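Quick mapping for you: the protein sequence lines, in order, are chains A and B. So the first sequence is numbered by the numbering used here: it starts at 1 and just counts up by one. So the second sequence is numbered by the numbering used here: it starts at 1001 and just counts up by one. The C-beta atom is built at its ideal place from N, Cα and C for all residues, glycine as well. Remember, predicted model here, so these are calculated numbers, not experimental data. Here is the structure we will look at.
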Amino acid sequence: AQSVAQPEDQVNVAEGNPLTVKCTYSVSGNPYLFWYVQYPNRGLQFLLKYITGDNLVKGSYGFEAEFNKSQTSFHLKKPSALVSDSALYFCAVASGNNRLAFGKGNQVVVIP
Amino acid sequence: NAGVTQTPKFRVLKTGQSMTLLCAQDMNHEYMYWYRQDPGMGLRLIHYSVGEGTTAKGEVPDGYNVSRLKKQNFLLGLESAAPSQTSVYFCASSMRETQYFGPGTRLLVL
Chain A
1 AQSVAQPEDQ
11 VNVAEGNPLT
21 VKCTYSVSGN
31 PYLFWYVQYP
41 NRGLQFLLKY
51 ITGDNLVKGS
61 YGFEAEFNKS
71 QTSFHLKKPS
81 ALVSDSALYF
91 CAVASGNNRL
101 AFGKGNQVVV
111 IP
Chain B
1001 NAGVTQTPKF
1011 RVLKTGQSMT
1021 LLCAQDMNHE
1031 YMYWYRQDPG
1041 MGLRLIHYSV
1051 GEGTTAKGEV
1061 PDGYNVSRLK
1071 KQNFLLGLES
1081 AAPSQTSVYF
1091 CASSMRETQY
1101 FGPGTRLLVL
């Protein structure tokens, strides 16, 4: 079965510092990978996805993610974190019939 | 475009009561999904639909039923609510892999 793991429950980062949110995946075949963000009391918003092609994927709000096949990882990155980036981040992998399997989520706290 | 909308936003039920959550999308998407979100457990798929008139079970279907009579609507029913069904429920829709989510329904079962 396709799955993703987000090993950290919470990531704390100072405003202006680089932000990394980790995700590893386990799939049979080629993975379709996604990142979503959830602000308090809101639904999930699509950030970016990797289907094929360039290993560095650029998305919304200055976020990017690097697909690494040898390490089975798809880490989300932002060069300079903002306080407004504080949110819950979910990694997901496609699992057939256009379904997604989500990780447990990472709470990101950006400290002013 | 409203995208994906959910009704109601918040509801309190007593154990044993029934209710229906409504999801509507105006993007002409074929696929629709119902998830529940619980602290520390991410999103878990309850039921989904690959097109009008179809439904299928997801990861946690017990205690829920769904119907997709119209392409734009996906209904989630709780026939006899239990405290374990206290959660935040999200609907999503997609044409292909990328899913678009509604704002959620917060349900409290006492």
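- If you check the CB distance, V57/A and F67/A come in under 8 Å.
- Measuring C-alpha to C-alpha distances from S26/A to each of S84/A, I111/A and A94/A identifies A94/A as the nearest.
- Residue pairing for H1029/B: DSSP places it in no beta bridge.
- Distance from the CA atom of Q71/A to the CA atom of V21/A, rounded to whole angstroms, is 15 Å.
- In the three-state reduction of the DSSP assignment, S95/A falls in the coil class.
- For the region 89 to 101 of chain A, the set of positions with a beta-carbon nearer than 7 Å to some beta-carbon of chain B reads F90, A94, N97, N98, R99 and L100 in chain order.
- Closer than 8 Å to the CB of Y1031/B there is at least one CB belonging to chain A.
- G1053/B is the residue among G1053/B, P1083/B and D1062/B whose C-alpha sits nearest the C-alpha of L1069/B.
- Rounded to the nearest angstrom, the Cβ distance from S60/A to L44/A is 13 Å, too far for a contact under 8 Å.
- Within the region 1016 to 1104 of chain B, the complete beta strand (DSSP E) segments at least 3 residues long are 1019 to 1025, 1031 to 1037, 1043 to 1049, 1065 to 1067, 1073 to 1078 and 1087 to 1094, listed from N- to C-terminus.
- Within chain A, no residue has its beta carbon less than 7 Å from that of E1052/B; the closest one is some 15 Å off.
- The beta-carbon of R1036/B is placed no less than 8 Å from the nearest beta-carbon of chain A.
- In this structure, Y1035/B is the residue among Y1035/B, L1078/B and S1080/B with its C-alpha nearest to the C-alpha of V1060/B.
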